[in-house]
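Residue numbers (our numbering): 25 to 199.
From the three backbone atoms N, C-alpha and C, an ideal C-beta is built for every residue, glycine too.
Computed from a predicted structure; not experimentally measured.
These notes concern the structure reproduced below.
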Ligand SMILES: [Zn+2]
């Protein structure tokens, strides 16, 4: 394995002969591999630099804590999935399909026609969700639109099959 590049000589030494904060920060972050041996030796044998290293390590831990805390905060602040809005949208979309289904029993025979006729409903329910969902949920919106379209497709398909079956039973009985 290729050894990692060391810190350049000009940035490891201060004018007073001690190592720079760059060296101490690197060591505090566990990046000793990039610190030249001579600088590590100096910190090990120099009270002043050892103390500064301790401070840098404390600071590093605190920064890590802040990052963890910030990440937790961001998680908590993330808006929850709006189940209520999605259910309302699905219900509205489902109800909106009923008149179409009752008005045109002819196309129920062809499942493909059902799907095509359902398309405006998918679009409408998608638009409804776009209005009801808060901003910044494009991913959720996309997923729920797909779920909505999928559920509607299944519903339409199921109704189409049921109607076709009952109609063929009727026709079989009268003829
Ligand atoms: Zn020193």
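Excluding residues up to 5 positions away in sequence, 44 and 46 lie with their Cβ nearer than 7 angstroms to the Cβ of residue 35 in the same chain. Between ligand 1 and residue 66, a heavy atom-to-CB distance of less than 7 angstroms is present.
Rounded to whole angstroms, the separation of the alpha carbons of residue 41 and residue 69 is 13 angstroms.
Scanning the stretch 27–64 for uninterrupted alpha helix (DSSP H) segments of 4 residues or longer gives 45–52, listed from N- to C-terminal end. In this structure, the beta-carbon distance from residue 80 to residue 52 falls below 8 angstroms. When the Cα atoms are used, residue 143 and residue 182 turn out to be separated by approximately 16 angstroms.
Of the residues assessed, residue 180 falls on the buried side of the cut-off, its CB having 16 or more other CB atoms within 10 angstroms. DSSP, read as helix, strand or coil, puts residue 148 in helix. Residue 46 has its Cβ no nearer than 7 angstroms to any heavy atom of ligand 1.
Of 58, 77, 151 and 63, the smallest CA-CA separation from residue 170 is found for 151. Remark: the C-beta of residue 84 is outside contact range of ligand 1, defined as less than 7 angstroms to any heavy atom. One Cα belongs to residue 176, the other to residue 123, and the distance between them is close to 14 angstroms. Burial is judged here by how many other beta carbons sit within 10 angstroms of a residue's own beta carbon; residue 39 has fewer than 16 and is exposed.
Residue 78 and residue 84 have their alpha carbons spaced roughly 10 angstroms apart. Residue 73: member of the alpha helix (DSSP H) spanning 71–101, first to last residue. Taking C-beta atoms as the reference points, residue 121 and residue 145 count as a pair closer than 8 angstroms.
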